[in-house]
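Enquirer: Residue 18 is where the sequence shown starts when you use my numbering, and the numbers rise one by one after that. We treat Cβ as the ideally placed atom computed from N, Cα and C, and that holds for glycine. Below you will find the structure I want to go over with you.
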Amino acid sequence: LTRDNLAHWLGEGGEPAGAVQALRELLADQLRVLSADHPDTLRSRGSLAHWLGEAWGYFAGAVQAFRELLADQLRVLGADHPGTLRTRSNLAHWLGEAGDIASAVQALRELLADQLRVLGADHPDTLRTRSNLASWLGAAGDDNDQVHG
């Protein structure tokens with residue numbers, strides 16, 4: 018967790034390439050010592066996917082990494098786990114950044130329905146998803162669509 022946090026702050030501090038390198042090294046150690054399905058390994062994969070997109074604008078790579086992570090989290094953690102829900106949110110973000118706004122909107126609609134069921138309407142993650150959905154709808158020019166929940 019400490020090395021993951023260090024990588025995060027490298028990226029936030031203006032060194033996203035350093036974050037990617039630190040996470041690649043951490044992930045190699047976690048795969049060797051823990052396992053591919055360990056929660057810390059899954060978390061580091063999510064961090065690496067994020068910083069791949071942030072560091073070099075490698076949006077398609079971030080999308081692919083989050084898709085692969087989501088498949089593993091669904092298998093290991095289940096659909097309603099907070100980490101799985103967070104990965105779905107991240108995947109939607111990078112889909113939009115990659116230019117696939119329709120898929121981002123669809124992913125956020127599906128996520129919002131599940132967050133309402135699992136977390137409730139007032140949970141910060143649910144509220145964040147509503148905001149993100151509204152933003153991508155605006156980016157799509159769909160000002161007639163209502164954000165329901």
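Assuming residue 80 and residue 24 are in contact, meaning their beta carbons sit under 8 Å apart, how far apart are those beta carbons, in whole angstroms?
Expert: To locate residue 80, count along the sequence shown from 1; it is residue 63. To locate residue 24, count along the sequence shown from 1; it is residue 7. With 8 Å as the limit, residue 80 and residue 24 do not qualify as a contact, their Cβ atoms being about 20 Å apart.
Enquirer: Pick helix, strand or coil for residue 66, following the three-state DSSP scheme.
Expert: For the purposes of this step, residue 66 is identified with residue 49 of the sequence shown, where counting begins at 1. Reduced to three states, the DSSP call for residue 66 is helix.
Enquirer: Would you report the Cα separation of residue 64 and residue 71, rounded to the nearest angstrom?
Expert: Residue mapping note: residue 64 aligns to position 47 of the sequence shown, counting from 1. Residue mapping note: residue 71 aligns to position 54 of the sequence shown, counting from 1. Spanning the two alpha carbons is a distance of roughly 10 Å.
Enquirer: What's the C-alpha gap between residue 127 and residue 68?
Expert: Mapped onto the sequence shown, residue 127 falls at position 110. Mapped onto the sequence shown, residue 68 falls at position 51. Between the alpha carbons of residue 127 and residue 68 lies a distance of about 25 Å.
Enquirer: How long is the line joining the alpha carbons of residue 105 and residue 155, rounded to whole angstroms?
Expert: If you number the sequence shown from 1, residue 105 lands on position 88. If you number the sequence shown from 1, residue 155 lands on position 138. As the crow flies, the alpha-carbon of residue 105 is around 20 Å from that of residue 155.
Enquirer: Am I right that residue 139 and residue 132 are in contact with their C-beta atoms under 8 Å? What's the rounded C-beta distance?
Expert: Here residue 139 refers to the residue found at position 122 of the sequence shown. Here residue 132 refers to the residue found at position 115 of the sequence shown. Contact doesn't hold; Cβ gap of about 11 Å is too wide.
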